[in-house]
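Undergrad: Using full-length UniProt numbering, read the sequence shown as starting at 1 and increasing by one per residue. Backbone N, C-alpha and C define an ideal beta-carbon position, used for all residues, glycine too.
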Amino acid sequence: MPTASEPSRDCPLCPRLVAFRETWRAAEPAWSNAPVPSFGPREARLLIVGLAPGLRGANRTGRPFTGDYAGELLYATLIEYGFAIGRFEARPDDTLRLVDARITNAVRCVPPENKPTTQEMRTCRPFLSATLAELPGVAAIVALGKIAHDQVLAAHGERLSHFKFVHGARHRIGGRNERGEVALFDSYHCSRYNTNTGVLTPDMFRAVFAQVRGFLDAEG
Ligand code: URA
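1. Between P136 and F215, what straight-line distance do the alpha-carbon atoms span, to the nearest angstrom?
2. Compute the distance between the beta-carbons of R25 and T61, then report whether it is under 8 angstroms.
3. According to DSSP, is A101 helix, strand or coil?
4. Check for me: the beta strand (DSSP E) holding H189 runs from which residue to which?
5. Tell me, please, which residues DSSP counts as bridged to G50.
6. Pull the bridge partners of I173 from the DSSP assignment, please.
7. According to DSSP, what are the bridge partners of residue 222?
8. Helix, strand or coil for A207? Go by DSSP, reduced to three states.
9. If we ignore side chains and look at the alpha-carbon of each, how far apart do Q211 and Y81 end up?
10. Quick check: is any heavy atom of ligand 1 less than 7 angstroms from the C-beta of A143?
11. Counting C-beta neighbours from all protein chains within 10 Å, is the total for L17 16 or more, i.e. buried, or is it exposed?
12. For the alpha helix (DSSP H) containing F124, name the first residue and the last one.
13. Tell me which residues pass a beta-carbon proximity test against ligand 1: closer than 7 angstroms to any heavy atom, given in chain order.
14. Measure the alpha-carbon distance for T104 versus L51 and round it to whole angstroms.
15. Give me the DSSP bridge partner(s) of F39.
16. Quick one: using the 10 Å Cβ neighbour count with 16 as the cut-off for buried, is S38 buried or exposed?
17. Report yes if the C-beta distance between F83 and L73 is below 8 angstroms; otherwise report no.
18. Under the rule that 16 or more other beta-carbon atoms within 10 Å means buried, what is A155, buried or exposed?
19. So, do the stretch 27-46 and the stretch 149-164 have three or more beta carbon pairs nearer to each other than 8 angstroms?
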């Protein structure tokens with residue numbers, strides 16, 4: 001059932017992504033091959049925003065960050081900082097549950113080579129805006145990568161030039177809109193590429209979530 005925050009299974013909005021989806025539906029009929037819905041409770045105070053589903057990860061399993069390397073690091077870190085419980089087994093029917101956290105993607109469909117176009121990001125942004133609107137208690141957002149950072153700013157009506165993406169930075173955004181202020185935390189994306197090249201180490205990633213944990217605990 002499509003909603004303002006979740007595109008329909010056959011969302012027609014981005015022709016290039018529709019064609020890619022059709023190709024993979026034919027090649028791998030057992031995969032999800034559909035827009036990947038957000039995951040986690042709507043009462044969450046933390047929203048984590050990724051880039052887009054990985055071809056053999058979320059696009060296959062239908063749950064964000066499930067089935068590829070990025071998810072291994074993300075979910076282990078979330079468990080460590082109390083934002084998830086249970087056992088992550090890289091399957092949507094494992095026992096992993098998010099606690100006070102929800103995960104979404106800036107672009108909901110898998111893009112070729114993990115690279116959505118500017119137009120695709122813009123076209124998908126209303127789903128991100130609606131996702132934010134349906135989280136009444138959101139106090140913190142973690143943007144995984146600059147694209148997620150920019151999309152969150154745009155969804156809040158903020159000027160991109162006022163908030164530079166810096167790993168480990170915390171920005172105060174949203175003060176001028178009716179939803180109120182939110183703390184935006186930047187992190188390099190937890191992709192295999194970033195960890196293999198040393199752009200992001202597990203300790204650097206942990207430090208971001210330690211900061212978020214401290215911030216939310218102080219909020220009470
Ligand atoms: N899987 C997702 O769901 N999002 C990403 O950004 C990467 C992998």
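TA: Reading off the structure:
1. In the sequence shown, residue 136 corresponds to position 136, counting from 1. In the sequence shown, residue 215 corresponds to position 215, counting from 1. Here the alpha carbons of F215 and P136 stand approximately 18 angstroms from one another.
2. In the sequence shown, the residue the question calls residue 25 occupies position 25. In the sequence shown, the residue the question calls residue 61 occupies position 61. Cβ distance not < 8 angstroms, so R25 and T61 don't count as in contact.
3. Counting from one through the sequence shown, the residue named residue 101 turns up at place 101. Correct three-state label for A101: strand.
4. What you label residue 189 is simply residue 189 of the sequence shown in a count that begins at 1. Counting along the chain, H189 falls outside any beta strand (DSSP E), and DSSP gives it neither H nor E.
5. The residue labelled residue 50 in the question sits at position 50 within the sequence shown. N105, per the DSSP bridge assignment.
6. The residue you call residue 173 lines up with position 173 of the sequence shown. Within the DSSP secondary-structure output, I173 pairs in a beta bridge with V182.
7. There is simply no residue 222 to check, as the chain begins at 1 and stops at 220 in what is shown.
8. The residue you call residue 207 lines up with position 207 of the sequence shown. Of the three classes helix, strand and coil, the one that applies to A207 here is helix, per DSSP.
9. Start at 1 with the first residue of the sequence shown, and residue 211 comes out as number 211. Start at 1 with the first residue of the sequence shown, and residue 81 comes out as number 81. So the two alpha carbons sit approximately 10 angstroms from each other.
10. Numbered from 1 along the sequence shown, position 143 holds the residue referred to as residue 143. Distance from the C-beta of A143 to the nearest heavy atom of ligand 1 is not below 7 angstroms.
11. Counting from 1 along the sequence shown, the entry for residue 17 is found at position 17. Classification of L17: buried, given that the 10 Å Cβ count is 16 or more.
12. Here residue 124 refers to the residue found at position 124 of the sequence shown. Checking the sequence, you will find Cys at residue 124 rather than Phe. Residues T118 to A133.
13. Those residues that have a beta carbon less than 7 angstroms away from any non-hydrogen atom of ligand 1 are, in order along the chain, V36, G50, L51, A52, P53, G54, G57, A58, P64, F65, D68, A70, G71, N105, L144, H189 and S191.
14. By one-based count along the sequence shown, residue 104 stands at place 104. By one-based count along the sequence shown, residue 51 stands at place 51. Between T104 and L51, the C-alpha separation is close to 9 angstroms.
15. Taking the sequence shown and counting its residues from 1, one reaches residue 39 at position 39. Answer by DSSP bridge pairing, in chain order: I103.
16. Residue numbering aside, residue 38 sits at position 38 when the sequence shown is read from its first letter. Burial is judged here by how many other beta carbons sit within 10 angstroms of a residue's own beta carbon; S38 has at least 16 and is buried.
17. Taking the first residue of the sequence shown as 1, we reach residue 83 at position 83. Taking the first residue of the sequence shown as 1, we reach residue 73 at position 73. Result no, Cβ atoms of F83 and L73 do not sit closer than 8 angstroms.
18. In the sequence shown, the residue the question calls residue 155 occupies position 155. Of the other Cβ atoms in all chains shown, 16 or more fall within 10 Å of the Cβ of A155; this residue is therefore buried.
19. Segments in contact, no.
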